[in-house]
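**Q** I have a structure here, written as structure tokens, and I will follow up with some questions on it.
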Amino acid sequence: MDDDHREREHFDMQTIGSFLSFASRGDKVGLNQMLLMKGISPDVQDYDRRTALHLAASEGHASIVELLLHYHANVNLQDRWHRTPLTDARLYGHRDICRILEVNGGKDSLNDHSLTFQHERCLNEVNIDLSELNLNQSSIIEQGLFGKSEKVKWRGTWVVKTVIKRHIYHPVKMILSAKDNTLLRELRHPNILQFLGSIVHGEEMILITEYLSKGNLHDILARKVRLDLSTSLRYALDIARGMNYLHEHKPNPIVHNNLSPSGTLIWLEYIETHQ
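Below you can see the structure in the form of structure tokens.
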């Protein structure tokens, strides 16, 4: 069993998601509390092996980078695309963070040759083998927007399997090409639903995304639950952060085109949006 899988077993994905969200938002207090009180490792990784240091470096939060290094975060852990935090800091032009990481031994893992190699590798990694899905404990859920969705196990983790007919007339058809699948796979932000891969099965496209257990904003509003001001502001800010990430995505900005309460998914204290 590899190290990152052991980390995910010790800390559940919801705890890891909260921790990474603090890093992405630049919430030093929340991050420090989880490191001290919950004893979470600064090196926990998400589905794509992204660490808090990757996210802080991408978002330009120098103080968070320094805090994580103070807790001895591994400065050169690589994500699924073999990118280090320094690689991300350079990609997004955060020179101050580049200097901090370099002083602490950070290395840029990619060059032009390896970028080309990794792009070709990503085209293969987005394709998931249908046999990897464990349907024994599957159940129908409401998370999917564009087809029938089930909660299933994939590599020991709960995910959502959504079946999309190839003939549907909807902008979601853009995902049916390998190039666009790779683009979705590379979207990595705590407030964007994580696309894990796809399966072509006969005339159907099957999407695999992360599973969020708390429903969506539409369900909350339909129950006429009164949200206090702080919760409303937190939800609004999380939606804005997700949209800003898409709009500022490099090298190609992404326009959502379908933002709605039913597509705004709740996971603990923060929310995520469907791309």
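With the working numbering as the guide, the letters of the sequence shown map in order to residues -12 to 262. Every residue, glycine too, gets a C-beta built ideally from N, C-alpha and C.
(1) Which first and last residues belong to the beta strand (DSSP E) in which Gln1 is found?
(2) Would you tell me roughly how many angstroms separate the C-alpha atoms of Leu194 and Leu233, rounded to the nearest one?
(3) Comparing alpha-carbon positions, which option in Glu137, Pro240, Ala223 and Asp30 lies nearest Leu199?
(4) In terms of DSSP beta bridges, what is Trp141 paired with?
(5) Express the C-alpha separation of Gln181 and Gly92 in angstroms, rounding to a whole number.
(6) Just to confirm, are Ile87 and Glu46 a CB contact at a threshold of 8 angstroms?
(7) In this structure, what does DSSP give as the bridge partners for His188?
(8) Would Glu197 and Val150 be called neighbours here (beta carbons separated by less than 8 angstroms)?
(9) Ends of the alpha helix (DSSP H) at Thr218?
(10) So, for Asn270: in the same chain, excluding its five sequence neighbours on each side, which residues have a beta-carbon less than 6 angstroms away from its beta-carbon?
(11) Just to check my reading of the structure: Ala44 and His81 have Cβ atoms closer than 8 angstroms, yes? What is that Cβ distance to the nearest angstrom?
(12) Look at the alpha carbon of Val242 and the alpha carbon of Ser249, and state the distance between them as a whole number of angstroms.
(13) Would you decide whether Asn203 is buried or exposed? Buried here means 16 or more other CB atoms lie within 10 Å of its CB.
(14) What does the Cβ neighbour count give for Leu73, buried or exposed, with the cut at 16 atoms within 10 Å?
(15) Tell me the DSSP secondary structure of Leu180 in three-state form.
(16) Within the same chain, show all residues whose beta-carbon is closer than 8 angstroms to that of His236, passing over the 5 residues directly before and after it, in chain order.
(17) May I ask you to report which of helix, strand or coil DSSP gives Lys135?
(18) Alpha carbons only, please: which of Ile84, Gly17, Leu23 and Arg67 is nearest the one belonging to Leu97?
(19) Considering just the uninterrupted stretch of the alpha helix (DSSP H) at Leu208, what are its terminal residues?
(20) Thinking C-beta only, is Ser185 closer than 8 angstroms to Ile128?
(21) Looking at Leu42 and Ser5, is the spacing between their C-beta atoms short of 8 angstroms?
(22) So, with DSSP's three-state summary, where would you put Ser249?
(23) Taking 8 angstroms as the cut-off, decide whether the C-beta atoms of Gly13 and Ile51 are in contact.
(24) Would you mind sorting Val212 into buried or exposed? The rule is 16 or more other CB atoms within 10 Å of its CB.
(25) My understanding is that Tyr34 touches Leu183, with C-beta atoms under 8 angstroms, so please give their C-beta distance in whole angstroms.
(26) Val187: which of Lys135, Arg221, Leu117 and Arg37 sits nearest, CA to CA?
(27) Might you give, ordered along the chain, the residues of its own chain that have their beta carbon closer than 6 angstroms to the beta carbon of His176, omitting 5 neighbours on each side?
(28) Below 8 angstroms between beta carbons: does that hold for Val147 and Asn121?
(29) So which of Leu208, Tyr79 and Asp30 has the shortest CA-CA distance to Asn61?
**A** Reading off the structure:
(1) It is not in any beta strand (DSSP E) - Gln1 instead sits in the alpha helix (DSSP H) that spans Met0 to Arg12.
(2) Those two C-alpha atoms are separated by around 20 angstroms.
(3) Glu137
(4) DSSP, once it has assigned bridges, lists Leu120 and Thr144 as partnering Trp141.
(5) 30 angstroms
(6) no
(7) Glu191
(8) no
(9) Leu216 to His234
(10) No information on residue 270 is available, as it lies outside the stretch -12 to 262 that the chain covers here.
(11) 7 angstroms
(12) 18 angstroms
(13) buried
(14) buried
(15) coil
(16) Leu174
(17) strand
(18) Arg67
(19) Leu204 to Ala209
(20) The answer is no: Cβ separation not under 8 angstroms.
(21) no
(22) Here Ser249 carries a helix assignment [DSSP, helix/strand/coil].
(23) yes
(24) exposed
(25) That belief holds up - the Cβ atoms of Tyr34 and Leu183 are roughly 6 angstroms apart, short of 8 angstroms.
(26) Its Cα nearest to that of Val187, the residue Leu117 stands out among Lys135, Arg221, Leu117 and Arg37.
(27) Tyr232
(28) no
(29) Asp30
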